[in-house]
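Chemist: Let me begin by handing over the structure; questions about it come next.
Protein chains: 2
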Amino acid sequence: MTQAFNARVLTAIDDLPGSLAQRVYQSLQEAIMSLTFPPGTLIRKGAICDELGVSRSPVSEAITRLASEGLVDVIPQSGTRVARFSIEEIREAAFMREALEVAAVEKVARDHTPDQYAKLARNVRLQAMLVEDHDTAGFYQADEEFHALLMEFTGFPGVAAAVSTIALKLKRPRMLLLPEPGRNDNAVREHLAIVEAIRDRNPDEARSAMRYHLAQLVSRFDPLEKEHPEFFRSRQSH
Amino acid sequence: MTQAFNARVLTAIDDLPGSLAQRVYQSLQEAIMSLTFPPGTLIRKGAICDELGVSRSPVSEAITRLASEGLVDVIPQSGTRVARFSIEEIREAAFMREALEVAAVEKVARDHTPDQYAKLARNVRLQAMLVEDHDTAGFYQADEEFHALLMEFTGFPGVAAAVSTIALKLKRPRMLLLPEPGRNDNAVREHLAIVEAIRDRNPDEARSAMRYHLAQLVSRFDPLEKEHPEFFRSRQSH
DNA sequence: CAATGTCAACTAACATGTTAGAAATGATTT
DNA sequence: AAATCATTTCTAACATGTTAGTTGACATTG
Numbered sequence: 001m002t003q004a005f006n007a008r009v010l011t012a013i014d015d016l017p018g019s020l021a022q023r024v025y026q027s028l029q030e031a032i033m034s035l036t037f038p039p040g041t042l043i044r045k046g047a048i049c050d051e052l053g054v055s056r057s058p059v060s061e062a063i064t065r066l067a068s069e070g071l072v073d074v075i076p077q078s079g080t081r082v083a084r085f086s087i088e089e090i091r092e093a094a095f096m097r098e099a100l101e102v103a104a105v106e107k108v109a110r111d112h113t114p115d116q117y118a119k120l121a122r123n124v125r126l127q128a129m130l131v132e133d134h135d136t137a138g139f140y141q142a143d144e145e146f147h148a149l150l151m152e153f154t155g156f157p158g159v160a161a162a163v164s165t166i167a168l169k170l171k172r173p174r175m176l177l178l179p180e181p182g183r184n185d186n187a188v189r190e191h192l193a194i195v196e197a198i199r200d201r202n203p204d205e206a207r208s209a210m211r212y213h214l215a216q217l218v219s220r221f222d223p224l225e226k227e228h229p230e231f232f233r234s235r236q237s238h
Numbered sequence: 239m240t241q242a243f244n245a246r247v248l249t250a251i252d253d254l255p256g257s258l259a260q261r262v263y264q265s266l267q268e269a270i271m272s273l274t275f276p277p278g279t280l281i282r283k284g285a286i287c288d289e290l291g292v293s294r295s296p297v298s299e300a301i302t303r304l305a306s307e308g309l310v311d312v313i314p315q316s317g318t319r320v321a322r323f324s325i326e327e328i329r330e331a332a333f334m335r336e337a338l339e340v341a342a343v344e345k346v347a348r349d350h351t352p353d354q355y356a357k358l359a360r361n362v363r364l365q366a367m368l369v370e371d372h373d374t375a376g377f378y379q380a381d382e383e384f385h386a387l388l389m390e391f392t393g394f395p396g397v398a399a400a401v402s403t404i405a406l407k408l409k410r411p412r413m414l415l416l417p418e419p420g421r422n423d424n425a426v427r428e429h430l431a432i433v434e435a436i437r438d439r440n441p442d443e444a445r446s447a448m449r450y451h452l453a454q455l456v457s458r459f460d461p462l463e464k465e466h467p468e469f470f471r472s473r474q475s476h
């Protein structure tokens, strides 16, 4: 046969919560984020419908949302494909993320409660443990939780939501980064510096600590275009 | 008759560009922003379809987008109504806008070209003229353009888009604000301070000038809840 | 009269049929 | 062989039919 008839690659939607459209969105998002659908993949509505056993309505709605988040490109009257990376878009996402996280950490440094500080400090101690145990996946999760906690503590749920949408764009290229020895140790130290500035209610210090921390990630993205040109938007028109 | 049979309040979609869904979105958005559909209004898909002469598909898509921007609340399996204000949401939007605009103006202060500076300076001179002529509407437009220019000059189109989406949420309550004598004069002065900091390539000064400027607007929102309680989300459940 | 249960009317969500336009394919011409 | 052009085959976008859940009016009961 020319091709394994139809690879079942999407996660089942039966166990997910919410509307059908919401569940289809999650399933597709995971496939895109995990690079199961690598950049450039053509998305076939019909195939998705067959595989998930739903009609085109929820699939269309899910795709519309993915398009609004920049994860797919819709070509009118033609087709939809998984968005390729572009250095400019990555820089843009990093810029917006920095803007929001820096403002958030400044506010948290000013307004936080003892309980909030305790949760942050506990999370960083957990991070240190996980790094010591070389539990990369665990550290990655704790790292995400650390940032999520900070956003939550602004008291603005929309800020947390916006940042995680923006972070989606950075997560995908991040999966291509090679692990860098000692990076996680440094990340924990940087997190600790942020938490200490919060503890001291020092917004300026918190801001520059966060800024430094986020800059570490961005600096690693630049060489990516040469390593994985197939994932990047080609510059010439055709 | 009990009620003028069906008020034609939506702007026609025939002249607008883009897909049907996009045009319906614009028409609805204008009705919401201009308070033609005041907060709390029930949105009847059938009525919209009849009035604009389109099917439910583009209307649904438009409403989905309005919902994602927080301009309407969709009650699952029940109905959709124009979102009421809440002080918390206004503060949140103001927070996010400040975060992004402050970061943007810092970047522009660092990286701007002579041409970009010239455009900003020219815009502020225009503002001064318009205020002198008591052309409130003209000033309002120039004001919006000033901020749009700044966002554009970051070189990140997504930043401009995100800020204008956020600004949507602030625009509606802003329409309820009473004109405050001398406010526009001050606004021009604040804009000038921003432009001068940019000219001097002084990011810190640009940031604090922008921060001060945006704070002026937010401070005027607080009394709004008492003046127009009907537009605000009631706290008690029913 | 208040509380409750029933029912009709309405809606969002989903399924499916239709249309028009883009892109790839292949035939035709140069 | 290269370029052009018609045709076929995709697709997104739109229209419309169907389903199931929520709401509110109203009758019924305590």
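Going line by line, the protein sequences match chains A and B. Taken in order, the first sequence gives residues 1 to 238; the numbers are from this note's numbering. Taken in order, the second sequence gives residues 239 to 476; the numbers are from this note's numbering. Backbone N, C-alpha and C define an ideal beta-carbon position, used for all residues, glycine too.
Kindly confirm or deny that the stretch 281 to 300 of chain B and the stretch 422 to 437 of chain B touch, where touching means at least three C-beta pairs closer than 8 Å.
Modeler: no
Chemist: Less than 8 Å between the beta carbons of Ala-337(B) and Ala-103(A), yes or no?
Modeler: Pairing Ala-337(B) with Ala-103(A) gives a Cβ-Cβ distance under 8 Å.
Chemist: Is Phe-470(B) helix, strand or coil by DSSP?
Modeler: Looking at Phe-470(B) - three-state DSSP - the assignment turns out to be strand.
Chemist: Express the C-alpha separation of Pro-395(B) and Arg-65(A) in angstroms, rounding to a whole number.
Modeler: 19 Å
Chemist: Output the distance between the C-alpha atoms of Leu-368(B) and Glu-443(B), rounded to the nearest integer angstrom.
Modeler: Within the model, the alpha-carbon separation for Leu-368(B) versus Glu-443(B) is close to 26 Å.
Chemist: Going along chain B, which residues have a C-beta under 9 Å from Leu-66(A)?
Modeler: By Cβ distance, chain B contributes nothing, its closest Cβ being about 12 Å from Leu-66(A), past 9 Å.
Chemist: Less than 8 Å between the C-beta atoms of Ala-331(B) and Asn-361(B), yes or no?
Modeler: no
Chemist: What does the alpha-carbon distance come out to for the pair Ile-194(A) and Leu-214(A)?
Modeler: 11 Å
Chemist: Can you round the beta-carbon distance between Pro-223(A) and Ile-90(A) to whole angstroms, since I take them to be within the 8 Å contact cut?
Modeler: That pair is no contact at about 12 Å.
Chemist: What does the Cβ neighbour count give for Glu-299(B), buried or exposed, with the cut at 16 atoms within 10 Å?
Modeler: buried
Chemist: When the distance is taken between beta carbons, is Val-105(A) closer than 8 Å to Leu-150(A)?
Modeler: Leu-150(A) is a Cβ neighbour of Val-105(A), given a cutoff of 8 Å.
Chemist: Confirm, please, whether the CB-CB distance from Leu-309(B) to Ile-251(B) is below 8 Å.
Modeler: no
Chemist: Any chance you could list the beta strand (DSSP E) runs of at least 3 consecutive residues sitting entirely within the stretch 43 to 125 of chain A, in chain order?
Modeler: 72 to 75 and 79 to 82
Chemist: Step through the CB atoms of chain A and report whether any lies within less than 8 Å of the CB of Phe-394(B).
Modeler: yes
Chemist: Looking only at its chain, what residues have a beta carbon closer than 6 Å to the beta carbon of Arg-348(B), apart from the 5 residues adjacent to it on each side?
Modeler: Pro-441
Chemist: Which same chain residues end up closer than 6 Å to Gly-376(B) when comparing Cβ atoms and leaving out the 5 residues on each side of it in sequence?
Modeler: Leu-368
Chemist: Can you find a C-beta in chain B that's less than 8 Å from the C-beta of Glu-98(A)?
Modeler: yes
Chemist: Alpha carbons only, please: which of Ala-148(A), Gln-116(A), Thr-154(A) and Leu-176(A) is nearest the one belonging to Ile-166(A)?
Modeler: Considering only Ala-148(A), Gln-116(A), Thr-154(A) and Leu-176(A), the residue with the shortest C-alpha distance to Ile-166(A) is Ala-148(A).
Chemist: Compare the C-beta of Phe-95(A) against all C-beta atoms of chain B and say whether one is closer than 8 Å.
Modeler: yes
Chemist: Is Pro-39(A) buried or exposed, if buried means 16 or more other CB atoms sit within 10 Å of its CB?
Modeler: buried
Chemist: Anything in chain B within Cβ reach of Val-54(A), meaning under 8 Å, just list it in chain order.
Modeler: What Val-54(A) touches in chain B: nothing, since even the nearest Cβ is about 17 Å away.
Chemist: Which runs of the alpha helix (DSSP H) spanning at least 4 residues fall entirely within the stretch 163 to 213 of chain A, listed in chain order?
Modeler: When DSSP assignments are scanned along the stretch 163 to 213 of chain A, the uninterrupted stretches of alpha helix (DSSP H) that are 4 or more residues long and fall wholly within it turn out to be 183 to 199.
Chemist: Taking the CB atoms as reference points, tell me whether Ser-265(B) and Leu-248(B) lie closer together than 8 Å.
Modeler: yes
Chemist: Just how far apart, CA to CA, sit Ala-209(A) and Leu-192(A)?
Modeler: The alpha-carbon atoms of Ala-209(A) and Leu-192(A) are separated by roughly 9 Å.
Chemist: Could you pull the start and end residues of the alpha helix (DSSP H) that His-147(A) belongs to?
Modeler: 136 to 152
Chemist: So with Cβ pairs under 8 Å, would you call Glu-390(B) a contact of chain A?
Modeler: no
Chemist: Just to make sure I have the definition right: I need the residues of chain B whose C-beta is within less than 9 Å of the C-beta of Val-159(A). Which are they?
Modeler: From the beta-carbon of Val-159(A), the residues of chain B found nearer than 9 Å are Glu-330, Phe-333, Met-334 and Ala-337.
Chemist: Using a Cβ cut-off of 9 Å, pull out every chain A residue sitting near Ala-341(B), in sequence order please.
Modeler: Phe-95, Met-96, Glu-98, Ala-99, Leu-100, Val-102 and Ala-103
Chemist: Out of Ala-162(A), Leu-126(A) and Gly-155(A), which one is the CA nearest neighbour of Glu-145(A)?
Modeler: Leu-126(A)
Chemist: Taking Cβ-Cβ distances shorter than 9 Å, what residues in chain A pair up with Glu-268(B)?
Modeler: Within 9 Å Cβ-Cβ: nothing; Glu-268(B) doesn't reach chain A, min ~20 Å.
Chemist: State yes or no: is the beta carbon of Thr-162(A) nearer than 8 Å to at least one beta carbon in chain B?
Modeler: Contrary to the premise, residue 162(A) reads as Ala rather than Thr in this sequence. For Ala-162(A), the answer is yes, since a Cβ of chain B falls inside 8 Å of its Cβ.
Chemist: Which bits of chain B does Glu-61(A) rub up against, with CB to CB less than 9 Å?
Modeler: Ser-298, Glu-299 and Thr-302
Chemist: Alpha carbon to alpha carbon, how far is Arg-201(A) from Tyr-25(A)? Give it in angstroms, no decimals.
Modeler: 40 Å
Chemist: Would you mind reading off the limits of the alpha helix (DSSP H) that contains Arg-23(A)?
Modeler: 20 to 33
Chemist: Just the C-alpha distance for Cys-49(A) and Gln-22(A), rounded to the nearest angstrom, thanks.
Modeler: 14 Å
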